[in-house]
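Down below is the structure, laid out as structure tokens.
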Amino acid sequence: MVDNRYATALVIACVLSVLATVYLSVAIGTQHWYQYSSPAVRGEANMSELRSLYDEFMDGEFDEKTYSDTLFRLNGTVGLWWRCVLAPASAHWYKEPDAKMILECRSFTLPQQFTPKYKEPGNHNSGEDMVRTYLWRCQFLLPLVSLGLVVLAGLTGFCACLCRSLTPTLGIGILHLLAGLCTLATVCCYLAGMDLLPQGVDAP
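Rendered as structure tokens:
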């Protein structure tokens with residue numbers, strides 16, 4: 001017979017680890033952490049400008065100033081690993097008054113996650129903004145650290161139950177606490193980075 005204490009500990013450890021893993025995965029994969037909003041654009045000239053911004057966003061070179069302007073002008077969203085814009089489904093959208101809009105997304109590649117941020121976004125001669133650079137890198141790395149801690153806590157709990165020992169329980173709790181702190185730090189880094197961005201990027 002299995003002691004009820006070990007069975008209960010195993011269930012709790014597994015449930016907590018699975019829930020934490022699911023929540024972290026959703027947080028990493030979501031595309032809507034931050035929503036840009038701009039008024040509707042009218043006029044052929046403005047529509048053509050938006051079309052060029054959209055084309056550069058989808059296929060152009062990665063540049064913070066450019067994609068920030070595009071996100072603002074096209075009501076985009078930014079997540080930890082994603083950036084998206086609302087784009088019309090039709091190829092001739094700039095000629096249609098009420099074009100149907102769909103969400104088009106591009107993920108940040110690994111090199112882009114570690115690209116330095118500059119004091120004047122888009123101007124590489126302005127000097128690196130160390131605060132925003134490391135805030136961005138932390139918001140990318142901390143969820144991975146948190147996920148690793150959760151998996152480690154789950155494995156530790158599973159092994160402890162197999163060995164019929166409740167000794168590691170405190171350690172498992174500490175690992176979950178550290179994972180939660182890493183997740184909280186991720187949110188703080190993200191919010192701080194978004195708060196500092198308008199100081200370097202003027203809304204178009």
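Residue numbering for the sequence shown follows the UniProt record's numbering, beginning at 1 and increasing consecutively.
Where a beta carbon is used, it is the ideal one built from N, C-alpha and C, also for glycine.
Endpoints, the beta strand (DSSP E) within which residue i is located
{"i": "E104", "result": "101–107"}
Neighbour-count burial assignment, residue i, 16 or more Cβ in a 10 Å radius
{"i": "L170", "result": "exposed"}
{"i": "R132", "result": "buried"}
{"i": "S68", "result": "buried"}
{"i": "L53", "result": "buried"}
{"i": "C138", "result": "buried"}
{"i": "I172", "result": "buried"}
{"i": "residue 205", "result": "What is shown of the chain runs 1 to 204, which leaves residue 205 out entirely."}
{"i": "G76", "result": "buried"}
{"i": "L74", "result": "buried"}
{"i": "C159", "result": "exposed"}
{"i": "D129", "result": "buried"}
Alpha carbon of residue i to alpha carbon of residue j, nearest angstrom
{"i": "A27", "j": "L135", "result": "17 Å"}
{"i": "P143", "j": "L191", "result": "15 Å"}
{"i": "L16", "j": "E120", "result": "43 Å"}
{"i": "V11", "j": "S165", "result": "14 Å"}
{"i": "V18", "j": "G193", "result": "29 Å"}
{"i": "L110", "j": "L50", "result": "27 Å"}
{"i": "P116", "j": "L184", "result": "23 Å"}
{"i": "V145", "j": "T186", "result": "10 Å"}
{"i": "A20", "j": "G29", "result": "14 Å"}
{"i": "F72", "j": "Q113", "result": "20 Å"}
{"i": "T156", "j": "L24", "result": "19 Å"}
{"i": "C188", "j": "D59", "result": "31 Å"}
{"i": "T66", "j": "C163", "result": "56 Å"}
{"i": "G79", "j": "E64", "result": "14 Å"}
{"i": "C14", "j": "I174", "result": "16 Å"}
{"i": "G127", "j": "D195", "result": "19 Å"}
{"i": "A87", "j": "E61", "result": "19 Å"}
Host alpha helix (DSSP H) of residue i (start-end)
{"i": "D195", "result": "169–196"}
{"i": "L80", "result": "Unbroken run through L80: none, as it is neither H nor E."}
{"i": "G148", "result": "130–162"}
{"i": "L71", "result": "64–73"}
{"i": "P111", "result": "110–113"}
Three or more C-beta pairs closer than 8 Å, one from the region 104–112 and one from the region 74–90: is that the case here?
-> yes
Using 8 Å as the Cβ pair cut-off and three pairs as the minimum, do the region 146–154 and the region 175–184 touch?
-> yes
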